[in-house]
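S.K.:
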Amino acid sequence: AMLIGLGGGAASSMATGQSHEDLDFASVQRGNPEIERRVQEVIDRCWQMAEANPIISIHDVGAGGLSNALPELVNDSDRGARFELRTIPNDDPGLSPMEIWCNEAQERYVLAVRADDMPMFSALCERERCPYAVLGEATAEKQLILGDGYFDNKPIDLPLEVLLGKPPKMLRDVRHKTFHKPEFDASVIQDLAQAAERVLSLPTVAAKNFLITIGDRTVTGLVTRDQMVGPWQVPVADVAVTASSFDSHTGEAMAMGERTPVALLQHAASARMAVGEALTNIAAARIGELGDMVLSANWMAPAGHPGEDAGLYEAVRAVGMELCPALGIAIPVGKDSMSMKTVWQEAGQQRSVTAPLSLIISAFARVLDVRKTLTPELRTDKGDTDLILLDLGKGKNRLGGSCLAQVYKQLGHHPADLDDPEALKRFFNTIQSLNDKGLLLAYHDRSDGGLFATICEMAFAAHSGVNIQLDDLGDDPVASLFSEELGAVIQVAHQDTDEVMAWLHDAGLGHHSHVIGYLNEADRIVFSYDRQEILAEDRIAWQRTWAETSYRMQALRDNADCAQQEFDSLLDRDDPGMQVTLSFDPEQDVAAPYINTSRPRVAILREQGVNGQVEMAAAFDKAGFSSIDVHMSDIISGQVGLDEFKGLVACGGFSYGDVLGAGGGWARSILFNPRARDAFEEFFRRDDSFGLGVCNGCQMLSHLKDMIP
Numbered sequence: 004a005m006l007i008g009l010g011g012g013a014a015s016s017m018a019t020g021q022s023h024e025d026l027d028f029a030s031v032q033r034g035n036p037e038i039e040r041r042v043q044e045v046i047d048r049c050w051q052m053a054e055a056n057p058i059i060s061i062h063d064v065g066a067g068g069l070s071n072a073l074p075e076l077v078n079d080s081d082r083g084a085r086f087e088l089r090t091i092p093n094d095d096p097g098l099s100p101m102e103i104w105c106n107e108a109q110e111r112y113v114l115a116v117r118a119d120d121m122p123m124f125s126a127l128c129e130r131e132r133c134p135y136a137v138l139g140e141a142t143a144e145k146q147l148i149l150g151d152g153y154f155d156n157k158p159i160d161l162p163l164e165v166l167l168g169k170p171p172k173m174l175r176d177v178r179h180k181t182f183h184k185p186e187f188d189a190s191v192i193q194d195l196a197q198a199a200e201r202v203l204s205l206p207t208v209a210a211k212n213f214l215i216t217i218g219d220r221t222v223t224g225l226v227t228r229d230q231m232v233g234p235w236q237v238p239v240a241d242v243a244v245t246a247s248s249f250d251s252h253t254g255e256a257m258a259m260g261e262r263t264p265v266a267l268l269q270h271a272a273s274a275r276m277a278v279g280e281a282l283t284n285i286a287a288a289r290i291g292e293l294g295d296m297v298l299s300a301n302w303m304a305p306a307g308h309p310g311e312d313a314g315l316y317e318a319v320r321a322v323g324m325e326l327c328p329a330l331g332i333a334i335p336v337g338k339d340s341m342s343m344k345t346v347w348q349e350a351g352q353q354r355s356v357t358a359p360l361s362l363i364i365s366a367f368a369r370v371l372d373v374r375k376t377l378t379p380e381l382r383t384d385k386g387d388t389d390l391i392l393l394d395l396g397k398g399k400n401r402l403g404g405s406c407l408a409q410v411y412k413q414l415g416h417h418p419a420d421l422d423d424p425e426a427l428k429r430f431f432n433t434i435q436s437l438n439d440k441g442l443l444l445a446y447h448d449r450s451d452g453g454l455f456a457t458i459c460e461m462a463f464a465a466h467s468g469v470n471i472q473l474d475d476l477g478d479d480p481v482a483s484l485f486s487e488e489l490g491a492v493i494q495v496a497h498q499d500t501d502e503v504m505a506w507l508h509d510a511g512l513g514h515h516s517h518v519i520g521y522l523n524e525a526d527r528i529v530f531s532y533d534r535q536e537i538l539a540e541d542r543i544a545w546q547r548t549w550a551e552t553s554y555r556m557q558a559l560r561d562n563a564d565c566a567q568q569e570f571d572s573l574l575d576r577d578d579p580g581m582q583v584t585l586s587f588d589p590e591q592d593v594a595a596p597y598i599n600t601s602r603p604r605v606a607i608l609r610e611q612g613v614n615g616q617v618e619m620a621a622a623f624d625k626a627g628f629s630s631i632d633v634h635m636s637d638i639i640s641g642q643v644g645l646d647e648f649k650g651l652v653a654c655g656g657f658s659y660g661d662v663l664g665a666g667g668g669w670a671r672s673i674l675f676n677p678r679a680r681d682a683f684e685e686f687f688r689r690d691d692s693f694g695l696g697v698c699n700g701c702q703m704l705s706h707l708k709d710m711i712p
C-alpha cells in the first residue's frame with residue numbers, strides 16, 4: 004500500500020520563548036477551510052465507490068502532526084513503513100526536519116491506498132484541485148524508517164514497538180483542594196424584576212443572534228431544524244436536525260450540554276449535568292431509545308493547578324464509569340486540552356488566568372422522523388393548552404453555580420446535579436412516546452437561567468403571553484424560578500392533560516410533574532405565588548432585554564443602523580413574522596410537458612468552494628432531469644464537454660473565497676482557458692440549451708454574457 008498525505012500547509016516554526024512577550028507560539032497553526040473542503044470532496048468521492056473505494060485506511064492529522072498520525076496509520080494495520088521526509092508538502096523551507104515531521108498544520112489526512120488504485124486516486128485529487136503527496140510505502144517489517152533526501156540520512160529508524168508500545172504507567176499524587184463555600188445569599192435580591200433583567204442580559208442566557216447570523220445555516224438543503232424557531236426566527240432551538248436524504252424522513256440529530264460554572268463547586272456534578280443537559284436537549288428530536296445515543300466528550304482542565312487533577316479524576320469517573328454505564332450510553336470519541344492555564348509576567352509580577360474544569364458533551368443520534376422535531380414555540384392555534392414542568396431535580400431547586408448566583412457575584416454552595424439516572428432514562432423515553440403519539444405541542448428543556456428563562460424563551464418564540472403558578476414547586480419561589488435543575492416544560496392541549504399526566508405517573512415521574520400554567524392574550528409573562536403576582540412584565544420588554552446583549556455586539560461588529568433596525572423591530576407587536584404560502588402544488592410534475600421518453604441531461608457545474616451542488620442536483624432530479632456532477636476542472640482538462648448537456652446550472656456557495664467579485668473571477672477562469680471558452684461559446688450558441696445560475700454562479704454567467712459574443 005502507498006501511504007498518502009492529503010491536504011497541505013505548514014505550521015509556525017517559532018519555538019517556546021522566542022517571542023518578545025515570552026509567550027508560547029509553538030502551537031500556532033495555519034488554517035485553510037477551502038483546502039479542508041477539497042479534502043472532504045476527495046474523501047466523499049472515495050467512500051461513495053463502496054467496494055471500489057481506494058482508501059484502505061485513513062487517519063486525521065492532529066496532535067503531534069505526522070509524527071503521530073503516520074506511525075498510528077501503519078501500526079493499526081500491523082505493518083511498518085518507509086517514509087521520505089522531503090516529499091511532505093511544505094510551505095516553509097526554513098523548517099527543520101523535526102519541525103516538518105512534528106508540526107500540527109491543519110486540513111491534513113494520511114491515507115493508505117493500494118498501489119494499483121493510485122492512478123484513480125490521483126485523478127480524483129486533480130479533479131478537486133486537492134494537494135496530495137505520496138510519502139512512503141507500508142512494509143511487512145514493523146520498523147519505522149524516515150529518510151531525509153536533503154541531508155542524505157535517516158532521522159528515524161526504530162521498531163514501532165518502541166514508539167507505540169505500552170508506556171510505563173504514570174503515577175500522579177493529587178489531592179482535592181477544599182475551600183469555604185457560603186450558601187447563596189438571596190437577601191441581596193432587593194428587586195425580583197431587576198434580578199430577572201440581569202439574568203436575561205447575561206450572555207449565557209441572552210439571545211445568540213450575533214453569533215448565529217454570521218453563518219449559513221442551510222448548506223446542503225438537508226437542514227430541517229436550525230437554531231431559529233418560528234415565524235419570528237427566535238434562536239431558541241434545543242437540537243440540530245438534518246435529513247438523511249431528499250426523499251426520506253429519517254435523519255440525524257445533534258445537541259450539546261455543558262455546566263462549566265458548576266465545576267467551581269463540584270467537578271463531578273458539573274460533568275453529570277453536562278451529560279444531562281445534552282440529553283434533555285436532544286430529547287426534542289424523535290429518536291427512539293436512549294441507547295441509540297452516542298456522546299463525544301471534550302475535556303478541558305488546568306492540569307497541575309491545585310485541586311484540579313483530583314477534580315478531573317472525579318469527573319471522569321462520575322461520567323465514564325458511573326453515569327453513562329447506568330444510562331446505557333457510550334462515549335466512543337472525545338478530545339482533551341489539559342493546558343487551560345496561562346502564566347505571564349507583568350510589571351515584575353507573575354500573573355495567571357486559570358479556567359475551571361470544562362466538559363462539553365455533544366450527543367448524536369439517528370432520527371426516526373425529522374418532521375416530529377419539537378421546538379420551544381408555544382402553539383397559539385390549538386385552543387386551550389396547559390404547560391407542564393417535568394422536574395428531574397425533584398424539588399431540590401439548588402442555586403449553586405446558577406446564572407442567578409453569577410449576576411450577583413456569588414457562587415453558592417450546593418449546585419444542581421443529576422442524582423437519579425433512572426429518572427432521566429424514564430424522562431427521555433416518555434418524551435419520545437408522547438411525541439410519537441402527537442400529544443406534545445411544544446418542548447423546551449430547563450437549563451441556564453432556570454424555569455424563568457425557559458418560559459420566557461417559549462413566550463418569545465410564539466409572541467404570546469404566559470401565566471405561571473409556582474406554588475407546587477417549593478417553598479422558595481425565587482429558587483423555583485432560577486434553579487437550573489434538569490427538566491423540561493411541555494405544552495399539551497387541555498383535553499390531553501389528564502392523559503399526559505397519566506403517562507408521566509406510569510413512568511414514575513408523576514410526583515415531580517406539575518401543571519404550572521397556560522397562555523394569556525395580554526402578551527404578558529406573569530409568575531404568581533400564593534395567589535399574588537411576584538414577577539410580571541410585558542413580553543416585548545423582556546424580549547428586548549434578552550436581545551439587547553446580542554444587539555450591542557452586532558452594533559459594534561456590523562452595520563450599526565441595520566443592527567438598530569433589527570432590534571427596534573421587536574417593538575412591533577403586530578409583526579406577523581415569516582408566513583409561508585405555497586403558490587404551486589408540490590405534487591405537480593412541472594417537467595412532464597417538456598419531457599418525452601428520456602430525462603434531459605443537465606450539468607450541475609461547480610468550482611472551488613461551491614457548496615450548493617447537492618441540493619441543486621436533487622431539485623433538477625425531482626423535476627425530471629438527469630443531473631450530472633461537473634467540476635470546472637473537468638471542462639478545462641477536456642475530460643467533459645458541454646455538447647452532451649441540455650442545460651447547465653452554475654451553483655452558489657463560497658467560490659473563490661466568497662469575496663466581492665468572485666463571480667467575475669470564475670468567469671475569467673473560463674475566458675482565459677481556450678478549451679473552456681470554446682466549450683461555453685458553443686453551448687450558448689445552441690438554440691436548445693439553457694443556463695441558470697445561483698449566487699456566485701449567477702454572477703459568473705452574467706459576466707460571461709457580457710464577455711462572450
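Numbering (our numbering), first residue to last: 4 to 712.
Even glycine gets a Cβ: it sits at the ideal position worked out from N, Cα and C.
Predicted model only: the values in this text are computed from it and were never measured.
(1) What's the gap between the Cα of Pro74 and the Cα of Ser516?
(2) Checking the sheet assignment: what are the DSSP bridge partners for Arg228?
(3) Can you tell me whether Asp541 is helix, strand or coil according to DSSP?
(4) On the DSSP letters alone, give me the boundaries of the beta strand (DSSP E) that Phe530 sits inside.
(5) Alpha carbon to alpha carbon, how far is Leu362 from Ser340? Give it in angstroms, no decimals.
(6) State buried or exposed for Leu407, treating a residue as buried only when at least 16 other CB atoms are found within 10 Å of its CB.
(7) Tell me, please, which residues DSSP counts as bridged to Pro418.
(8) Within its chain, find whatever has a CB closer than 6 Å to the CB of Gly260; leave out the 5 residues flanking it on each side and keep chain order.
(9) If you measure between the beta carbons of Val232 and Ala464, is that distance less than 8 Å?
(10) In this structure, does DSSP put Thr181 in helix, strand or coil?
(11) Can you name, in chain order, every residue of its own chain whose Cβ lies under 7 Å from the Cβ of Ser70, other than the five neighbours on each side?
(12) Please report how far the alpha carbon of Ala118 lies from the alpha carbon of Ile91, in whole angstroms.
(13) Measure the C-alpha to C-alpha separation of Cys133 and Leu707 and round it to an integer number of angstroms.
(14) Which residues mark the beginning and the end of the beta strand (DSSP E) in which Pro158 is found?
(15) Return yes when the Cβ of Ala288 is within less than 8 Å of the Cβ of Ala246, no when it is not.
(16) Could you please give the first and the last residue of the uninterrupted alpha helix (DSSP H) stretch that includes Gln567?
(17) What are the complete alpha helix (DSSP H) segments, minimum 4 residues, inside the stretch 90–117?
(18) Are the beta-carbon atoms belonging to Asn523 and Gly580 less than 8 Å from one another?
(19) Measuring only the C-alpha atoms, how far is Ser248 from Ala300?
(20) Exposed or buried, what is Ala505 when buried is set at 16 or more other beta-carbons lying within 10 Å of its beta-carbon?
(21) Can you name, in chain order, every residue of its own chain whose Cβ lies under 8 Å from the Cβ of Glu44, other than the five neighbours on each side?
(22) Helix, strand or coil for His466 per DSSP?
(23) Just mark Asn562 as buried or exposed, buried being the case when its beta carbon has 16 or more other beta carbons within 10 Å.
(24) Going by other Cβ atoms of all chains shown within 10 Å of its Cβ, with 16 needed for buried, is Thr181 buried or exposed?
(25) Say whether the stretch 261–270 touches the stretch 492–502, bearing in mind that this needs 3 or more beta-carbon pairs closer than 8 Å, one atom from each stretch.
(26) Since Gly612 and Arg111 are thought to touch, with beta carbons under 8 Å apart, how far apart are those beta carbons, to the nearest angstrom?
(27) Quick check: what's the CA-CA separation for Gly404 versus Ser450?
(28) Kindly indicate which residue of Ala53, Tyr135 and Leu645 has the alpha-carbon position closest to the one of Gly694.
(29) Would you say the stretch 322–334 touches the stretch 409–428, given that touching needs at least three Cβ pairs under 8 Å?
(30) Taking 8 Å as the cut-off, decide whether the C-beta atoms of Val481 and Ala210 are in contact.
(31) Let me make sure I understand the geometry here. Which of His252, Gly511 and Arg369 has the alpha-carbon closest to that of Val297?
(32) Starting from Pro335 and walking both ways along the beta strand (DSSP E), at which residues does that stretch end?
M.R.: Once the coordinates are examined:
(1) Rounded to whole angstroms, Pro74 to Ser516 spans 55 Å at the Cα level.
(2) Beta-bridge pairing by DSSP links Arg228 to Val244.
(3) Under the three-state reduction of DSSP, Asp541 is assigned to strand.
(4) Here the beta strand (DSSP E) through Phe530 covers Arg527 to Tyr532.
(5) Computed Cα separation, rounded: 10 Å.
(6) With at least 16 other beta carbons inside 10 angstroms of its own, Leu407 counts as buried.
(7) The beta-bridge partner set that DSSP reports for Pro418 consists of Gly403.
(8) Here the set comprises Ala277, Glu280, Ala281 and Ile364.
(9) It is a contact, given that the beta carbons lie within the stated cut-off.
(10) Looking at Thr181 - three-state DSSP - the assignment turns out to be coil, as it is neither helix nor strand.
(11) These residues qualify, in order along the chain: Trp104 and Cys105.
(12) Distance between Ala118 and Ile91, taken at the CA atoms: about 18 Å.
(13) Leu707 has its alpha-carbon roughly 26 Å from the corresponding atom of Cys133.
(14) Pro158 -> beta strand (DSSP E) spans Asn156 to Pro162.
(15) In this structure, Ala288 does not lie closer than 8 Å to Ala246 by Cβ.
(16) Per DSSP, Gln567 belongs to the alpha helix (DSSP H) from Ala563 to Asp571.
(17) 100–105, all fully within the stretch 90–117.
(18) Between Asn523 and Gly580, the gap from beta carbon to beta carbon reaches 8 Å or more.
(19) When rounded, the distance between both Cα atoms is 28 Å.
(20) Exposed: under 16 other Cβ atoms inside 10 Å.
(21) Spatial neighbours of Glu44 in its own chain (CB-CB distance under 8 Å, excluding positions within 5 residues in sequence) are listed in chain order as Glu131 and Cys133.
(22) His466: coil per DSSP, three-state reduction.
(23) It counts as exposed.
(24) When all chains shown are included, Thr181 counts as exposed.
(25) No: the two stretches stay apart, fewer than three of their Cβ pairs being nearer than 8 Å.
(26) The pair is not a contact, with the Cβ atoms about 19 Å apart (cut-off 8 Å).
(27) Roughly 12 Å separates the two Cα atoms.
(28) Here the closest residue by C-alpha is Leu645.
(29) With a cut-off of 8 Å on Cβ pairs, the stretch 322–334 is in contact with the stretch 409–428, counting three or more such pairs.
(30) Not a contact, by the Cβ cut-off of 8 Å.
(31) Proximity to Val297 across His252, Gly511 and Arg369 peaks at Arg369, based on C-alpha coordinates.
(32) Note, Pro335: beta strand (DSSP E), Ala333 to Ser340.
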